[in-house]
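These notes concern the structure reproduced below.
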Amino acid sequence: MDRVGAEIRCCLDRPAWALSDNELVDAVDAVHALQQRLAALHLRLVREVGGRAVARTHGATSTTVWLRNRHRLSTPAARRLVTLATTLDTAPPAVADALARGLLTTDQARTILDVLTALPNHLGAEAIDKAVQLLIDWAAQFEPAILRTLGNRILDHVAPDLADEADRAALHTAETRAHDRRHLTLSTQPTGQVTLTGLLDAETAAVLHAALDPLTTPTGPGDSRSPGQRRADALGDICRLALHTGTLPDNGGDRPQVVVTTSFDTLAGQLGTGTLDTGLRLTPEAVRRLACDATILPAVLGGTSQVLDVGRQRRLFTGPLRRALVLRDGGCAFPGCDRPPRWCDGHHIRHWADGGTTDLANAVLLCDHHHRLIHHDSDWTVHLGPDGHPEFTPPAWLDPTRLPRRNHYHHRA
-10 MDRVGAEIRC CLDRPAWALS DNELVDAVDA VHALQQRLAA LHLRLVREVG
40 GRAVARTHGA TSTTVWLRNR HRLSTPAARR LVTLATTLDT APPAVADALA
90 RGLLTTDQAR TILDVLTALP NHLGAEAIDK AVQLLIDWAA QFEPAILRTL
140 GNRILDHVAP DLADEADRAA LHTAETRAHD RRHLTLSTQP TGQVTLTGLL
190 DAETAAVLHA ALDPLTTPTG PGDSRSPGQR RADALGDICR LALHTGTLPD
240 NGGDRPQVVV TTSFDTLAGQ LGTGTLDTGL RLTPEAVRRL ACDATILPAV
290 LGGTSQVLDV GRQRRLFTGP LRRALVLRDG GCAFPGCDRP PRWCDGHHIR
340 HWADGGTTDL ANAVLLCDHH HRLIHHDSDW TVHLGPDGHP EFTPPAWLDP
390 TRLPRRNHYH HRA
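Heads up, the sequence shown is in the working numbering, so the first residue is -10 and it goes up one at a time.
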């Protein structure tokens, strides 16, 4: 190893820019092959360290902890190293030999060992040897993910008579494991944002995709949201739809709803902030927008924190009034939007905190995206035309003539 290190130092002293293209490619290939051969040696030594209980001699609780502390590895990386070394020690010699000759990467070797471990116990030695050789040959062409996909059907090549039965058993095992491992975590950040992480089984993931996909389509040429932003907005739309249906089970004796606490001065003067029932704070613009939403329950406090209003029914567009609004607008009334009524909230054209009334003459149906736009972009304005239908006046930068526009997707007789 000292001699190898000396040779590497010599290579490092040579300027890479002086190599021809062919020499550069050959050098990259050589270094890659050497890395795999060194990895094979590393794994053999790690296995020997574990077998001799060197870690306990050095005061560590395990070989994983010893490697983590000695070589400053992350715990998962050290654990993967120990696991691979242990598995490789009992695997068919051809896998370790291929790794030692630089024909496999450690990730490919790990994939091959996973495939071999999943083979039926009663599979004969001849079929196992054939599977090993086939996987090693495939490794010369395919990266680990594709190699794993091919490996999942290895029995089709080495034992066709067992393939169907083994495939059903493997599918059942994978389904059970995925169901057991399912989880969803919501982690609140100091900024008020929430990190969403989790793992879904295939069936639940298919349902989620089916619900998200229709809502992730760009709303038009001016939709500059990234795919990730569109998916996040779609998830919010789905949750709002669930709240609108009124079919969710009660939570603590009340129907599921979001509560925003704010002062009357904040709401009327558009100053200060509001607070969600989760403790997170909102901008005054967001509070005023949410106050239009029938799924949001605003708790308005006076100067001494006395409750002035907790979701007055006359403020919300519910019952016959909402039905009339749906009949008139047919869906989101913003020009070019095709969102249906169930995705929309009633919006006060003149905000109720400013004295606006809750009636058809002061209402327009808006989806969440355009509800945000109207509340946060004062350049857009909305009013009812002479025939009682909503018209939207665009900002001057978009249309210098500021010609009012209407939605032509929703037509009602």
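Don't be surprised by glycine CBs; every beta carbon is placed ideally from N, CA and C.
Just so it is clear, the structure is predicted and the values come from calculations on it, not from any experiment.
Practice item. For residue 334, write down the residues that DSSP places opposite it in a beta bridge. Key: As a working mapping, residue 334 is identified with position 345 in the sequence shown. Answer is 355.
Review point. Near residue 85, what residues of its chain come up, given a Cβ to Cβ distance below 6 Å and the 5 sequence neighbours on each side ignored?
Key: Within the sequence shown, residue 85 is the residue found at index 96, counting from 1. Correct list, in chain order: 77.
Exercise for review: With a threshold of 16 other CB atoms inside 10 Å of the CB of residue 140, please say whether the residue is buried or exposed.
Suggested key: Locating residue 140 in the sequence shown gives position 151, counting from the first residue. Buried, by the Cβ-count rule.
Practice item. Would you mind sorting residue 391 into buried or exposed? The rule is 16 or more other CB atoms within 10 Å of its CB. Key: The residue given as residue 391 occupies position 402 in the sequence shown. Exposed: under 16 other Cβ atoms inside 10 Å.
Review point. Quick one: is residue 45 near chain D, going by C-beta distance under 7 Å?
Key: The displayed structure is made up of one protein chain only, and chain D is not part of it.
Point to revise | Local Cβ density within 10 Å of residue 328, reported as buried at 16 or more and exposed below that | key: Taking the first residue of the sequence shown as position 1, residue 328 is located at position 339. Residue 328 comes out buried.
Exercise for review: Could you check how far apart the C-beta atoms of residue 373 and residue 320 are, in whole angstroms? I think they sit under 8 Å.
Suggested key: What you label residue 373 is simply residue 384 of the sequence shown in a count that begins at 1. What you label residue 320 is simply residue 331 of the sequence shown in a count that begins at 1. That pair is no contact at about 17 Å.
**Study point:** Every unbroken alpha helix (DSSP H) inside the region 54 to 133 [4 residues or more]
**Key:** 64 to 79, 82 to 89, 95 to 106 and 114 to 128
Exercise for review: May I have the straight-line CA-CA distance separating residue 334 from residue 370, to the nearest angstrom?
Suggested key: Here residue 334 refers to the residue found at position 345 when the sequence shown is read from its first residue. Here residue 370 refers to the residue found at position 381 when the sequence shown is read from its first residue. Distance between the alpha carbons of residue 334 and residue 370: 17 Å.
Check your understanding: Ends of the beta strand (DSSP E) at residue 193?
Key -> Position 204 of the sequence shown holds residue 193. Not the beta strand (DSSP E): residue 193 falls in the alpha helix (DSSP H), residues 191 to 201.
Point to revise | Cut-off 6 Å between Cβ atoms - residues of its own chain near residue 71, not counting five sequence neighbours on either side | key: In the sequence shown, residue 71 corresponds to position 82, counting from 1. For residue 71, where only same-chain residues beyond five positions count, the Cβ hits under 6 Å are 52 and 53.
**Study point:** Identity of the residue in 209, 178, 162 and 217 nearest residue 190 by Cα
**Key:** Position 201 of the sequence shown, counted from the first residue, corresponds to residue 190. Comparing Cα positions, the closest option is 162.
**Study point:** Presumed contact (8 Å Cβ cut-off) between residue 112 and residue 80, rounded CB distance
**Key:** Position 123 of the sequence shown holds residue 112. Position 91 of the sequence shown holds residue 80. Not a contact, Cβ separation roughly 15 Å.
Review point. Going by the CB atoms, is the gap between residue 88 and residue 128 shorter than 7 Å?
Key: As a working note, residue 128 is residue 139 in the sequence shown. As a working note, residue 88 is residue 99 in the sequence shown. No, they are not a contact pair.
**Study point:** Where residue 165 falls: helix, strand or coil (DSSP)
**Key:** Counting from one through the sequence shown, the residue named residue 165 turns up at place 176. In this structure, residue 165 counts as helix in the three-state DSSP scheme.
**Study point:** Backbone secondary structure at residue 208 - three-state DSSP
**Key:** By 1-based counting over the sequence shown, the position of residue 208 is 219. If DSSP states are grouped into helix, strand and coil, residue 208 belongs with coil.
Practice item. Under 8 Å by Cβ, that's how I've got residue 73 and residue 100 pegged, so tell me the actual separation to the nearest angstrom. Key: Along the sequence shown, one-based indexing puts residue 73 at 84. Along the sequence shown, one-based indexing puts residue 100 at 111. Residue 73 to residue 100, Cβ: 11 Å. No contact.
Check your understanding: If you draw a straight line from the alpha carbon of residue 360 to that of residue 168, how long is it in whole angstroms?
Key -> Position 371 of the sequence shown, counted from the first residue, corresponds to residue 360. Position 179 of the sequence shown, counted from the first residue, corresponds to residue 168. Each residue's Cα considered, the two are about 38 Å apart.
Review point. If you run the structure through DSSP and keep just helix, strand and coil, what is residue 379?
Key: Working through the sequence shown from its first residue, we reach residue 379 at position 390. Looking at residue 379 - three-state DSSP - the assignment turns out to be strand.
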